[in-house]
Each structure stands twice: as C-alpha cells, then as structure tokens.
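Read top to bottom, the protein sequences are chains A and B. To convert a position in the first sequence, counted from 1, into the working numbering, add 27. To convert a position in the second sequence, counted from 1, into the working numbering, add 442. All C-beta atoms, glycine included, are put in the ideal place defined by N, C-alpha and C. Source: prediction; values computed, not measured. Worksheet for the structure shown next.
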Amino acid sequence: MKSLVIETMPDSPYYPQVNFDAESGICEMKGESYMEEAYKFYTPLLNWLKEYFLEGKNPLVFNIKLTYFNTNSSRLLLDMFDILKKSMDNGKAVQINWYYLEDDPDIKDEIEDFEIETGLKIKMFPMD
Amino acid sequence: MCNNNIQNTFVCYHGPFDIDVVSFFSNYLRQHIRANVVITGRLYKVLIELTQNVSYYSVEQFKKDRTYGSGIGYVRVVEDQDSYSITTGNKILSEHGPTLQKNTSEINSMSEMNLRELKRKTRSQANIRDIGAHIGLIQTGLLTGNNLEFSIEPINNEFSFFTITARINKN
C-alpha cells in the first residue's frame, strides 16, 4: 500500500497537513482542520487506516499536532479513533500521541472527551 | 446589521459565508485583536463555529456551483469594557424556530460537565455526511462559559431571523 501525504497550502489553511507512512506506520496530522464538507477530506484517511490494519507490518503510531479543529472535524476524528480502538481490540499495536499548545486551556477537555467516547488512552505532550 | 453604528465594532460583515470568508475573518481577528492568547484563541474558535453555522443553516444561500451553496448572514465582533461579543444573524425557516429556541435554552441551563456529556452524545450520533456535527452551539457555550443570548424575530409566516451572541469575558 502507498503512503498518504497531503501538504498544506497557504491559501487554504483550513486543511491540515497529513503524512501517513505505510512503511513505518507513523501517521501525523498537523495544522488546523475546519474545512467545508469534512467527510470528503477525511474519508480517504479513514480508508487508509482500515487498509493499514489489514496490510501494514509495523505498529501504528498516530501523532496529532492539530492546533485547532472545528466541531465537524471532531466528528471525523472520532471515527478515526473508533477505527484505532477496534484494531487495538483485535490485537493490533497502536499508540496515540497528542501534541498540544500549552496556552490552549480547552484542549485537555477535548482529548479527555475523545478518551471517554472511545475508551482509548491518548498520551499528551506539550508542543515545542 | 453592519450599517448600524455600534461603537467598538472590530469586524462587521454581511454576505455569503463560504470557507474562505470564514477563514479570512477568523485569521484577521486572531492577528489583529489586542487580547491575551487564551481569549484570542477562544474568539477564533467561536467565530469559526458561529459563522460556519450561518454558512450551513441559513436559508438564504449563495450558490457557487451546482453542488452546494454558502449561507448568507452577518457577523459582528464588538469589544465592550469587560468582554468581547460575537453576534451572527441569519434567516431561518420559522418552523425551525421552536427547536432552535429549545436547544439554545437547554444549553444555557446546563453545567459544564452536563454540556460536555451532551456534546459527546450528540457528536457520536451525528452522521459523518451531515454538513455539521450539530454541536457548534454546545461548543460555543463551553468555550465562552456564558449564556448564549439569542432572539428569533418573525419576518413573515414562512421565515424568521435568528440572532445569537456569544460573549467572552476579558478576565
């Protein structure tokens, strides 16, 4: 399977940068996410994750460096986490790391809500 | 709307809210408003949520192409002595007024923990193909920590005008 790479463009800052590496299993999302019709952007990401758990050889490490995501994007992030949780329950090795801005007082509640909803454990790290 | 002379208006715009308009005003506000980083961050998030609600739910639509349009409405950001307020307004179907009033009043009556629980429940039930996750107002209530001020004014039998104000305290 191929890696999934989406670069950010200055004129569309509402799309995050995506780098899902099929060889290493290291997946990263970075930037902001508040596009229109979010499911159109996220559907290839969801499909890639499902495929990786069928074909990938290495543990999956999901690094999230999103500094902002709107509520519509959060619905799609929840679907990504559901895929990760189901795969973990089926014996796959998955680690989720969330890098957050220290001056964002709301992000820890957001992450905790994802943990409550999915049953996942998300490791939190302040962003450099 | 924007032709009313309200003092300390930071931003006022009336027109279609496509994603580039939403992005322009939210980034303009983030770069130019003189507030601390926490308040600026919350203003940024609330501005995006409220203006995207106009884009998604206004019955007045500007059609860019055949597939979908952008809702028309207005946004105004005002600095008061103790707070910043973000107000949006858009036309709705009058038949949606009672539900909107019930949902917004419910948000205003809830504690932070109950709002988070409602947010999780509503988000998990939303269809991913829906245009929104139906939690924009809940999130706005959580981010501001204040009651949402709203009004629904009848235009005629079919349409009403929905106005909502989110207030973010300076301290």
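For the alpha helix (DSSP H) containing residue i, name the first residue and the last one.
i	result
residue 71/A	65–82
residue 50/A	Per DSSP, residue 50/A belongs to no alpha helix (DSSP H) and is neither H nor E.
residue 98/A	98–116
residue 564/B	554–567
Just to confirm before moving on: does the CB-CB distance between residue i and residue j stay below 8 Å?
i	j	result
residue 42/A	residue 33/A	yes
residue 578/B	residue 491/B	yes
residue 561/B	residue 543/B	no
residue 154/A	residue 128/A	yes
residue 92/A	residue 126/A	yes
residue 488/B	residue 610/B	yes
residue 107/A	residue 76/A	yes
residue 601/B	residue 535/B	yes
residue 503/B	residue 513/B	yes
residue 471/B	residue 486/B	yes
residue 105/A	residue 144/A	yes
residue 451/B	residue 527/B	no
If the cut is a Cβ gap below 7 Å, which residues of chain E does residue i touch?
i	result
residue 506/B	Absence of chain E from the displayed structure is noted, the protein chains being A and B.
Comparing the C-beta of residue i with each C-beta of chain B, is any distance below 8 Å?
i	result
residue 114/A	no
residue 155/A	no
residue 130/A	yes
residue 136/A	yes
Within 8 Å (strictly less), CB to CB, does residue i reach chain A?
i	result
residue 626/B	The requested residue 626/B does not occur in the structure, where chain B is confined to residues 443 to 613.
residue 473/B	no
residue 488/B	no
residue 528/B	no
residue 503/B	no
residue 491/B	yes
So with CB distances below 8 Å, who are the chain A contacts of residue i?
i	result
residue 566/B	105 and 144
For residue i, go through chain A and note every residue whose CB falls closer than 7 Å to its CB, in chain order.
i	result
residue 562/B	140, 143 and 144
For residue i, go through chain A and note every residue whose CB falls closer than 9 Å to its CB, in chain order.
i	result
residue 494/B	61, 63, 97, 98 and 99
Name, please, each residue of chain B whose Cβ falls closer than 7 Å to the Cβ of residue i.
i	result
residue 41/A	461 and 465
residue 133/A	585
By the DSSP assignment, the beta strand (DSSP E) with residue i in it spans what residues?
i	result
residue 152/A	150–153
residue 520/B	511–521
residue 490/B	From DSSP, residue 490/B is part of no beta strand (DSSP E) but of the alpha helix (DSSP H) over 479–499.
residue 124/A	121–127
residue 139/A	Per DSSP, residue 139/A belongs to no beta strand (DSSP E); it is in the alpha helix (DSSP H), 134–145.
residue 526/B	525–535
residue 476/B	Where residue 476/B is concerned, there is no enclosing beta strand (DSSP E), given that its DSSP letter is neither H nor E.
residue 451/B	451–458
Got a sec: does the ligand MG put a non-hydrogen atom nearer than 7 Å to the Cβ of residue i?
i	result
residue 93/A	With respect to the ligand MG, the structure offers nothing, as it holds no ligand at all.
message: To be precise: take each residue of the stretch 539–563 of chain B, compare its Cβ to all Cβ atoms of chain A, and keep it if any distance is under 8 Å. Which residues remain?
response: Per Cβ criterion, the list reads 558, 561 and 562.
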